[in-house]
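Its first residue numbered 69, the sequence shown is counted upward by one per residue in the numbering used here.
C-beta: ideal position from N, C-alpha, C; glycine also.
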Amino acid sequence: LTNDVADLALGLMIALSRKINEAHNFIIKKKWNKKPFDLTTSLTNKTVGVVGMGEIGKAFSKRAKSLSMKIFYYGPNNKNLNYKYFKDLRDMVSLIDVMVITCIGGSETKHLINKKIFQLMKPSSILVNISRGSVINEIHLLDVLKKNLIAGAALDVFEMEPKINNKFLKLNNVFLTPHIGSATFDTRDNMARISSQN
Numbered sequence: 069l070t071n072d073v074a075d076l077a078l079g080l081m082i083a084l085s086r087k088i089n090e091a092h093n094f095i096i097k098k099k100w101n102k103k104p105f106d107l108t109t110s111l112t113n114k115t116v117g118v119v120g121m122g123e124i125g126k127a128f129s130k131r132a133k134s135l136s137m138k139i140f141y142y143g144p145n146n147k148n149l150n151y152k153y154f155k156d157l158r159d160m161v162s163l164i165d166v167m168v169i170t171c172i173g174g175s176e177t178k179h180l181i182n183k184k185i186f187q188l189m190k191p192s193s194i195l196v197n198i199s200r201g202s203v204i205n206e207i208h209l210l211d212v213l214k215k216n217l218i219a220g221a222a223l224d225v226f227e228m229e230p231k232i233n234n235k236f237l238k239l240n241n242v243f244l245t246p247h248i249g250s251a252t253f254d255t256r257d258n259m260a261r262i263s264s265q266n
């Protein structure tokens, strides 16, 4: 699963920061003849904070490095990588431009990202979640998105999926995908082969 999920995280980050979906709809709705599209945000030389530096976190970081991004990470253990490690998530989030969540789900990380974390983030920062919906307190996230306290969120996972909170559908600073991290022909074929061999 690792590479496909890391690819999606990179794609969501680029799509959100460059407003690719909005740009597509801008042309479809024939608005280009009337005015130019709004300026967007570059990722080059920005700082990304990875929450959970497991295999997916490492694979994503390699991809982000190709964009000349600075890599920080948070987790229970220092992995002795060439990226800056933070033992306390609160110390990291005020310094980053992008938060990418790749940690495990479950009780240990439930609502790890909440109001207290959002309050420390830059107003210009964005969030990408390809881990589990339970990691984010969605009520708190919806509140900060509605108030534009952060610039946006790209989400592939949700707390109550597939029945996601309808409030997400009313926001223009989100990019949403239906839990497709590993949903490629290649990965599903490999998963079937491994299951069969086992």
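Nearest to Asn148 (by Cα), restricted to the options Thr170, Gly122 and Arg158: For the purposes of this step, residue 148 is taken as residue 80 along the sequence shown, with counting starting at 1. Nearest C-alpha to Asn148: Gly122.
Beta-ladder partner(s) of Leu195, from DSSP: If you number the sequence shown from 1, residue 195 lands on position 127. Bridge partners of Leu195: Met167 and Ala221.
Own chain, CB closer than 6 angstroms to Gly120, minus 5 neighbours either side, in chain order: Against the sequence shown, residue 120 aligns to sequence position 52. Excluding sequence neighbours, Gly120 sits near Gly143, Thr170 and Cys171.
Nearest-angstrom Cα separation, counted from Ser264 out to Leu78: In the sequence shown, the residue the question calls residue 78 occupies position 10. In the sequence shown, the residue the question calls residue 264 occupies position 196. Those two C-alpha atoms are separated by around 31 angstroms.
Contacts around Ile232, its chain only, beta-carbon distance under 8 angstroms, and the 5 residues preceding and following it disregarded: Here residue 232 refers to the residue found at position 164 of the sequence shown. Hits under 8 angstroms: Phe226 and Leu244.
Residue nearest to Glu90 in terms of C-alpha spacing, selected from Asn101, Leu111 and Asp106: By one-based count along the sequence shown, residue 90 stands at place 22. Comparing Cα-Cα distances from Glu90 to each of Asn101, Leu111 and Asp106, the minimum goes to Asp106.
Nearest-angstrom Cα separation, counted from Ser136 out to Phe128: For this step, residue 128 is matched to residue 60 along the sequence shown. For this step, residue 136 is matched to residue 68 along the sequence shown. One C-alpha to the other measures close to 13 angstroms.
Contact under 8 angstroms by Cβ, Asn205 with Asn182: Locating residue 205 in the sequence shown gives position 137, counting from the first residue. Locating residue 182 in the sequence shown gives position 114, counting from the first residue. Cβ atoms of Asn205 and Asn182: closer than 8 angstroms.
Given 8 angstroms, three or more beta-carbon pairs between the segment 159 to 169 and the segment 178 to 193: yes
DSSP three-state assignment for Thr115, whether helix, strand or coil: Sequence index remark: in the sequence shown, residue 115 carries index 47 (1-based). Here Thr115 sits in strand by DSSP.
Contact under 8 angstroms by Cβ, Ile198 with Leu69: Counting from one through the sequence shown, the residue named residue 198 turns up at place 130. Counting from one through the sequence shown, the residue named residue 69 turns up at place 1. Their beta carbons are not under 8 angstroms apart, which means Ile198 does not touch Leu69 by this criterion.
Residue span of the alpha helix (DSSP H) that contains Val73, given as start and end: Within the sequence shown, numbered from 1, the residue matching residue 73 stands at position 5. Per DSSP, Val73 belongs to the alpha helix (DSSP H) from Thr70 to Ser85.
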